[in-house]
């Protein structure tokens with residue numbers, strides 16, 4: 001497919017700078033295009049319905065007006081935004097077989113995917129901190145986790161990543177792109193886009209590593225630290241009912257953490273030599289689609305408060 005381009009004069013000579021890219025996605029399996037469209041469309045509807053339901057019940061049910069459910073509602077909102085950055089474009093590409101995306105649209109998609117991914121990491125860390133305070137310092141919980149503090153923590157989860165992710169995106173798209181304009185991925189993620197860049201990309205790869213440490217590894221270590229304190233405290237609880245309830249809320253959170261962080265860490269922190277386009281696609285599906293799909297299922301099936309709130313809303317109407 002021939003796409004518009006401009007010639008850019010550089011010290012090295014003439015380079016072809018593409019003004020549009022092709023999101024290759026799953027074009028290598030043409031016989032499954034409509035099956036994939038139907039499957040991802042159903043998944044998108046499940047994500048919108050499931051996470052939307054979590055948002056509604058945590059907002060309207062007074063019994064769920066606690067910090068834990070405030071963070072859960074916000075996490076579900078971030079999940080909806082995150083998946084909406086990638087899935088609608090993928091569905092359009094599968095449905096129309098027109099896979100082109102402009103440079104500006106690609107940069108915009110990359111920025112929002114990075115920002116929302118960072119927000120998810122921080123929110124999961126905040127949720128772990130909330131469980132730590134609730135279980136390890138229950139007498140101080142209402143004093144520490146005030147509504148103002150909860151809002152500040154959510155705001156910080158959103159805002160902290162803006163300068164770094166904006167800088168990363170600008171740095172990537174300031175590079176000249178040549179030779180090929182085909183991004184072998186289903187969205188504009190940094191690694192597959194960088195493969196199309198000409199010239200030295202060491203600085204960009206270093207930035208990816210630093211950002212991964214700041215926004216993936218650091219929150220993950222905070223979560224592990226929180227649970228290193230939580231688990232021994234839960235095991236010391238005298239009541240079996242209390243232990244079961246504590247483990248129920250914690251295990252739901254830990255399941256989501258392992259799904260999201262596991263695939264993200266492998267994607268961004270494994271050696272460059274072990275990268276392959278197909279592996280990256282599969283891993284990306286986990287943290288962009290699988291986690292948002294299972295998040296409401298994990299929290300609702302293992303949480304009696306959420307089930308009760310949902311029943312009240314359903315029977316009310």
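Numbering (full-length UniProt numbering), first residue to last: 1 to 317.
Every residue, glycine too, gets a C-beta built ideally from N, C-alpha and C.
{"Item": "For residue 70, the first and last residue of its enclosing alpha helix (DSSP H)", "Value": "67–96"}
{"Item": "Of the residues 22, 103, 114 and 245, the one placed nearest residue 81, counting alpha carbons only", "Value": "114"}
{"Item": "Whole runs of the beta strand (DSSP E) within the region 13–50, excluding any shorter than 3 residues", "Value": "13–18 and 20–23"}
{"Item": "Of the listed residues 293, 298 and 300, nearest to residue 46 (C-alpha basis)", "Value": "293"}
{"Item": "One or two residues paired with residue 177 in a DSSP bridge", "Value": "197"}
{"Item": "At least 3 beta-carbon pairs within less than 8 Å: the region 149–161 vs the region 107–126", "Value": "yes"}
{"Item": "Status (buried if at least 16 other CB within 10 Å, exposed otherwise) for residue 314", "Value": "exposed"}
{"Item": "Inter-residue Cα distance where the pair is residue 210 and residue 54", "Value": "33 Å"}
{"Item": "Burial state of residue 35 (16 or more Cβ within 10 Å)", "Value": "exposed"}
{"Item": "Under 8 Å between C-beta atoms of residue 220 and residue 261", "Value": "yes"}
{"Item": "Chain-order list of residues whose beta-carbon lies under 6 Å from that of residue 120 (same chain, five-residue window excluded)", "Value": "78"}
{"Item": "Simplified DSSP state of residue 100, which is helix, strand or coil", "Value": "strand"}
{"Item": "Endpoints, alpha helix (DSSP H) assigned at residue 284", "Value": "277–285"}
{"Item": "Distance between beta carbons of residue 169 and residue 107, contact taken as under 8 Å", "Value": "6 Å"}
{"Item": "Buried or exposed (CB count within 10 angstroms, at least 16 for buried), residue 67", "Value": "buried"}
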